[in-house]
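Each number in my numbering corresponds to the 1-based position in the sequence shown with 1159 added.
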Amino acid sequence: MCGIVGYVGRRQAQEILLSGLSKLEYRGYDSAGVAIYHENVLSIEKTLGRLKGLEDRLDGQPVQGTIGIGHTRWATHGKPSTENAHPHTDCSGDFVVVHNGIIENYLALREELEAKGHRFVSETDTEVVSHLVEDLFTGDLFTTVLAVIQKMRGAFALGVLSKREPDKLIAVRSHSPLVIGLGEGENFLASDIPAILPYTRDVLILDEGEMAVLTQDGVQCYDLQGQPHGKDVFTVTWDAVAAEKDGYEHYMLKEIHEQPRAVSDTLRGRITEDGRRVILPELAWTSEEIKQFDRIHIVACGTSYHAGLVGKVVIEQLARIPVDVEIASEYRYRDPIVSDRTLVMVISQSGETADTLAALRNAQERGNKVLAITNVVGSSVAREANDVIITWAGPEISVASTKAYTTQLIALYLFSVYLAQAKGTIQGEALATIVQALLELPQKLSEVLDTAPKIEEIAKAFSSWDDAFFLGRGLDYSVALEGALKYKEISYIHAEAYPSGELKHGTLALIVDDVPVVALLTQDALYEKSISNIKEVKARGAHVVAIAWAGDEETQKSVDRVLYVPKTLSFLAPIVLVVPLQLLAYYASVARGNDVDKPRNLAKSVTVE
Ligand code: M6R
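Here it is as structure tokens:
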């Protein structure tokens, strides 16, 4: 999982490559490198660690040249090191390659090449590509790369540059994302759109099994058999500043504060003008088609999986269809019981998570219709699913997912109501009440965000502890899971989410004096039982912060502190509840001096198993 960029044009490539890589560091950041061609010299510069190290080095000694490729790495094959950093070259130094993905048969290819006398300097799978290009070079770079990729198995997005044909870049997409940016007298390649957005809004999103040749004067796309074809230009409408920090100290904080807007955008166009019904124009499903689904499998990873847990409760409650929620890395290796009446739903912010994508493909092979909820329009998941609901969260840069989760919940609520309408399980005023409550959520989110200073205070106190517990029942428990994940991920503090009623079956043993406990209390039907559980932990000395509905005077009698969230329908509570938990994790991470946006050992988009 890495980010790649490429530039060919009239400007100095170095600055453009470094700027592009800075927008892709969310994909990995254990080393970075660039290769730039100028007057028969192909210079390769790489450093271990963050891009900043490379920038500092090149600052003093810029590399000249108007064509080049660059890479920011998240190690898969071979430890993070300068030798393993990309770009990788061949024995002659005439060919350079950047790669995102995994070449599964690289060991066999490496042995073959070594037997022919090729000398390898890294432990990576990528290096076989540059040696293969050298080995198979016919005098024509394009046909050589075509021949090379026929020999490779796995997932790869490639950028290839050669001293022998220094006017062009070759781009290849096979199971890893790649986009081409179209400029005036210059063209770009990148793993993701934000990398090229400062230079152009006209983009070609390469499809699975496509490649392109870029020169400064144009771009030609081909299939992997070398047949040329045309391609529609996608004009990016979102703003470059949307991908910047916008004055916030971290992307995560900016993205938390963007949630009222993101939720509004995700609702827009999906509710009738009279505000009484849901419409999903992207799903041209008839009532008969909807009624034939008798089971839903929701498949996802991490935060998206947690959104799925909420989706289960809501779909079952509103549409009365049984739902199973599964972790993609488990589901893909099971032999799940499905029928042609099972709808498989995948949820993925990036749309590139390898396990989720594999689960999608398996489901389609079994003949199931797949509906995707994703945030990235041109992503693999969006393109391969039978139907897609896009969450309009905008680019999410911080590794910790925030606005993606709330907008996934909105997509799930809309979909649940859409199913329920078609099945007639909710109608009339009950339906209109839900739709109105959905429309009120952006305002309620803004009110929650106003409580940030109080949450910061609590986070500072909690951050000196090495444990924290998040408790809840019903949907409060689903949100507790997300709160604990967020807390662990960026504060590095051990956190556990527990269904409150299950505590006394083991975990209560961990409750000692002053240990931080966050208790969620929005499920009215379970309120009294939850209060009893809070008393159990209070009696053992825990320091309890509750999150409860505004106007609830009762809770403060049983806890140390209460944070209030504006009242909405119980099944919409996850939207307003998760925000204090996101802020708690954020401020605890800041208090501990962590790198909030790039937590250790993690990357934004997990495009390998
Ligand atoms: O892009 P996806 O939604 O498929 O990503 C799934 C997980 O990797 C992701 O939600 C991860 O758990 C987040 N970093 C958590 O904040």
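In this text, a Cβ means the ideal position worked out from N, Cα and C, and glycines have one as well.
7 Å CB neighbourhood of residue i in its chain, flanking five on each side removed
| i | result |
| --- | --- |
| A1172 | Y1166, I1195, G1224, T1225, I1226, G1227 |
| A1618 | L1743, Y1746, A1747, A1750 |
| V1437 | R1429, I1430, L1573, V1576, Y1577, Q1580, V1594 |
| R1216 | E1204, T1206 |
| F1421 | It is worth fixing the name first, because residue 1421 is Ala in this sequence and not Phe. W1551, A1552, G1553, K1562, T1565, T1566. |
| F1296 | T1303 |
| P1733 | V1469, L1568, L1634, S1637, V1638 |
| K1310 | L1268, L1291 |
Top-ranked residue by Cα proximity to residue i, from the options
| i | options | result |
| --- | --- | --- |
| G1187 | E1713, G1229, G1583 | G1229 |
| L1740 | K1562, Y1185, F1254 | K1562 |
| A1668 | A1698, K1688, A1678, Q1682 | A1698 |
| H1334 | A1354, G1162, D1366 | D1366 |
| A1531 | A1570, G1162, D1253, L1644 | A1570 |
| D1391 | V1422, L1722, G1537, T1374 | G1537 |
| K1450 | S1178, G1583, E1615 | G1583 |
| F1730 | G1342, V1505, K1471 | K1471 |
| T1106 | G1237, K1238, T1515 | No information on residue 1106 is available, as it lies outside the stretch 1160 to 1768 that the chain covers here. |
| A1330 | D1433, R1312, E1369, L1268 | E1369 |
| H1277 | T1396, E1293, N1264, V1671 | E1293 |
| I1261 | G1252, A1234, D1253, I1175 | A1234 |
| Q1384 | S1423, G1344, T1302, T1374 | T1302 |
| L1722 | E1687, S1689, T1681, A1762 | T1681 |
| E1441 | I1548, F1347, F1279, S1659 | I1548 |
| L1590 | L1477, R1525, H1236 | L1477 |
| E1606 | E1417, E1655, V1696 | E1417 |
| A1656 | V1422, I1649, V1677 | V1677 |
Residue i beta carbon near the ligand M6R (any heavy atom closer than 8 Å)
| i | result |
| --- | --- |
| K1757 | no |
| A1563 | yes |
| K1413 | no |
| E1648 | yes |
| C1460 | yes |
| E1511 | yes |
| V1508 | Contrary to the premise, residue 1508 reads as Gln rather than Val in this sequence. Yes. |
| S1289 | no |
| L1761 | yes |
| T1515 | yes |
| K1205 | no |
| S1560 | yes |
| S1770 | Outside the displayed span of the chain (1160 to 1768) sits residue 1770, for which this structure offers no information. |
| K1645 | yes |
| S1539 | no |
| S1321 | no |
| S1748 | no |
| S1488 | no |
| S1446 | no |
| S1463 | yes |
Contacting residues, own chain, Cβ-Cβ under 6 Å from residue i (five flanking each side not counted)
| i | result |
| --- | --- |
| D1673 | H1702 |
| T1512 | C1460, V1765 |
| S1202 | I1195, V1222 |
| T1533 | S1507, G1510, V1540, A1541 |
| N1259 | C1161, I1163, A1316, S1335, S1350 |
| K1238 | none |
| Y1265 | D1284, V1287 |
| R1332 | A1316, L1365, E1369 |
| Y1407 | K1413 |
| P1675 | F1621, W1624, A1627, H1702 |
| I1339 | L1348, L1363, A1371, V1378 |
Cβ-based neighbour list, residue i, same chain, cut-off 8 Å, excluding 5 preceding and 5 following
| i | result |
| --- | --- |
| R1500 | Q1451, F1452, D1453, R1454 |
| T1394 | R1360, D1361, V1362 |
| L1728 | T1592, I1593, A1596 |
| L1598 | L1426, I1430, G1434 |
| Q1523 | V1529, E1543, N1545 |
| V1718 | A1678, I1693, K1697, V1703, V1704, A1705 |
Whole beta strand (DSSP E) runs in the region 1357-1382 with 3 or more residues, listed along the chain? Complete beta strand (DSSP E) runs here, min 3: 1361-1364, 1369-1374, 1377-1382.
Runs of 4 residues minimum, wholly inside the region 1379-1446: which ones carry the alpha helix (DSSP H) assignment? Those alpha helix (DSSP H) runs which fall completely within the region 1379-1446 and span 4+ residues are 1410-1416, 1418-1426.
Can you give, in chain order, each stretch of the beta strand (DSSP E) that sits fully within the region 1596-1638 and has at least 3 residues? Runs of the beta strand (DSSP E) inside the region 1596-1638: 1626-1631.
Tell me the start and end of each unbroken alpha helix (DSSP H) in the region 1654-1728 that is at least 4 residues and wholly inside, in chain order. Listed in chain order, they are 1686-1698.
Let me know the alpha helix (DSSP H) ranges lying completely inside the region 1182-1256, each 4 residues or longer, listed in chain order. Here the runs fully enclosed are 1210-1219.
Pick out the complete beta strand (DSSP E) segments inside the region 1530-1585, 3 residues or longer, and give them in chain order. List check, beta strand (DSSP E) in window: 1546-1549.
Length-filtered (4 minimum) alpha helix (DSSP H) runs lying within the region 1457-1531: Counting only runs that start and end inside the region 1457-1531, the alpha helix (DSSP H) elements of at least 4 residues fall at 1461-1478, 1487-1490, 1513-1524.
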